[in-house]
Amino acid sequence: MRRPTRHADPSGLWAEARVLASEGRMEEAMAKVVALLANGSAALTNPHFAAAREILASSGWTACWSGPQGSGRIAVRGKDGSPLAELHVESRVAGTTDGTMSITPTVCLRPVPSRALSRPEKAALARLSAAFYPILETLRAQDEGRKVKAQLEIHEASEDAGRPDIILRTTFACNQRCPFCFVLHESRNVPMADIEAALDAAAAQVRPGLSLTISGGEPLVDPRLVAILESARAKGIREFTLQTNMIGLDKPGALETLVGLGVTRYDVSFHSRQPKMYDLITGTRGQFPRAAAGLKKLLAAGDLRVTPCVLLNEYNYRDLPGLMGFFGRLSRSSRPKAGRPLEVSFSLMNGAGMNNAAFMAVDLEKAAAFLWKAVGRCKEEGIGVMRFDGEGALPPCVLPRPRDFVAVCRFSQDRVRYADDFSGELGSVGRAKKPGCRRCPFDDRCLGVPAEYARIFGLGALKPPVRGSNATRRGPGASPRGSSRSGTGGRSSC
Ligand code: SF4
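Sequential numbering from 1047 applies to the sequence shown in our numbering.
This is the structure we're talking about:
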């Protein structure tokens, strides 16, 4: 019998997988990971890799890549070497499937048994499939920017069904050091050739009424920003959203230039009205006045869509109502009477943030009451509240009227695990929900919480319907029937 070839340099395969993942080529990265599993490498200390290897070893199974790189499947063989099942690797990059939008880059594994499986075999196959997701998440970290390529990301966040956020990150440099950020600050600007290629791809996807989101890093520190916008316009993209911390918007002429180029929407990070807290949250010193001046300038322009993005964390949760009051006062003093009202977006730290800065994470059980008060304050101030969309979405059931905040679009649930216990190593990657969430009317429009959050705080903040009860009276269904319009000014309805 032919012996499996041992790769001379298993860590080289791992490095290749990391590069592929950093470029969004997750299927090819997966092929490298499977090759590592197949050659029995014991050199790697990655706990998720070790977990997958342990599942194979304890079942007496082997796994190998089948098919060409970039579109294949993982063939699993049983103890006697006969085919047991295949895990079909389905790309979820850059697109929507059946109205479900995926966070990119990612893949979905679909188990296809080759024969009738026993119950333990089915369970082991499910565990093996689940074990691959954390490995891929581990690989996703950028390779210090040296091999960063411009990659269009399509995110769940959207205003209406079928209107995804299309995001282009032009730089990974930043003038802030938010501890929860996923960007490695040694990272560099994305090469212009890659940006041009991404803009060509974006031009084919950005339909009228859909804006291209320019992000980073901090796009305002990218000296090529104006040139990039001009190039995008030349390719037919006319509307832009800028994701920014606003440091630099206070420079004379800066905002006017951007608006002139079609940047009419601004998603601005603004996590505290208290300068000391602002410093802690952004890892900077003394930038609060500049950020506030930038926000004031945006509001004074009147007709721009301005969305302060507030990340709930241990430093700011108690003052969320005060922060909304601050936004209200700033808006009243700066915005023209007929100007467009502010809309606030609340978010939860995502998995990468939790891994980087778990010390800043806040237990939603204690933050929820302050968040609810903040929502009430928004109503008083005439500020809208965005629905809970995207990777940082809060589970809507943390608030008393979840129907008012639930996302419009369904989310891909391929990284969600339904369980009560998220302790241990495998609790650190992916998304977590309670088993009862499967009964929740909002299950497919909610991503639960990051698994790392669940490992630290548990899932006590989630309120799925109680078994046997009327889902419309208990748990997330408890909001009034027909209450499809947000009482808080949120834009879209389910
Ligand atoms: S009960 Fe579960 S699925 Fe429903 S909103 Fe809460 S976390 Fe989401």
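Glycine included, C-beta positions come from ideal geometry on N, C-alpha and C.
- Nearest to D1466 by alpha-carbon distance, out of C1227, G1494, P1446 and P1487, is G1494.
- Of the candidates I1429, A1347 and R1099, the residue whose Cα lies closest to the Cα of G1299 is A1347.
- For K1479, the enclosing beta strand (DSSP E) starts and ends at R1477 to K1479.
- Residue range R1351 to L1357 is occupied by the beta strand (DSSP E) that includes V1352.
- Residues C1224, H1317, S1318, N1359, Y1361 and N1362 of the same chain have their beta carbon placed closer than 7 Å to that of I1327, with the five preceding and five following residues left out of the count.
- A straight line joining the alpha-carbon of G1306 with that of W1111 spans about 51 Å.
- By the beta-carbon neighbour count (other beta carbons within 10 angstroms, threshold 16), A1061 is exposed.
- Residue pairing for L1288: DSSP places it in a beta bridge opposite I1260 and Y1312.
- Three or more beta-carbon pairs separated by less than 8 Å link the stretch 1153–1168 to the stretch 1116–1131, which places the two stretches in contact.
- Its chain contains I1101 as the residues whose beta carbon lies nearer than 8 Å to that of R1173, once the 5 sequence neighbours on both sides are disregarded; these appear in chain order.
- For P1129, DSSP records a beta bridge to R1123.
- Put simply, the backbone Cα of K1297 is about 13 Å away from that of K1342.
- Here A1109 is bridged, per DSSP, to V1122.
- Excluding five sequence positions before and after T1217, the CB atoms of its chain that fall closer than 6 Å to its own CB belong to N1235, G1262, G1263 and D1268, given in chain order.
- In the DSSP annotation of this structure, E1360 is not part of any beta strand (DSSP E), being labelled neither H nor E.
- The continuous beta strand (DSSP E) containing E1389 extends over residues E1389 to S1393.
- Between the stretch 1438–1455 and the stretch 1376–1390 there are fewer than three C-beta pairs closer than 8 Å, too few to call the two in contact.
- Beta-bridge partners of P1496 (DSSP): R1477.
- As the crow flies, the alpha-carbon of S1379 is around 25 Å from that of L1357.
- Remark: the C-beta of V1314 is outside contact range of the ligand SF4, defined as less than 8 Å to any heavy atom.
- For the pair C1483 and P1510, the CB atoms are nearer than the 9 Å cut-off.
- Counting C-beta pairs with one atom in each stretch, the stretch 1246–1254 and the stretch 1423–1438 have fewer than three that are closer than 8 Å, which means they do not touch.
- Restricting attention to alpha helix (DSSP H) runs no shorter than 4 residues, the stretch 1371–1446 encloses them at 1397–1402 and 1410–1427, ordered along the chain.
- With contacts defined by Cβ atoms closer than 9 Å, L1171 and L1163 form a contacting pair.
- Across the structure, A1398 and V1408 are spaced so that their CA atoms are roughly 15 Å apart.
- Distances between the C-beta of D1489 and the heavy atoms of the ligand SF4 include at least one below 8 Å.
- Here DSSP, grouped into helix, strand and coil, assigns P1180 to helix.
- Relative to the ligand SF4, the beta carbon of V1452 is positioned inside 8 Å of a heavy atom.
- Cβ contact annotation for T1310 (same chain, cutoff 7 Å, sequence separation greater than five): E1285, L1350 and R1351, in chain order.
- With respect to the 9 Å criterion, A1248 and A1280 are not classified as neighbours on the basis of their beta carbons.
- DSSP, read as helix, strand or coil, puts R1336 in helix.
- DSSP places V1454 in no alpha helix (DSSP H); its state is neither H nor E.
- Listed in chain order, the non-local C-beta contacts of K1419 below 8 Å within the same chain comprise L1366 and P1367, local neighbours out to five positions each way being set aside.
- Within the same chain, and ignoring the five residues on either side of L1059 in sequence, the residues whose Cβ sits closer than 7 Å to its Cβ are H1053, K1078, A1081 and L1082.
- Straight across, the Cα-Cα distance linking V1444 with Y1312 is about 27 Å.
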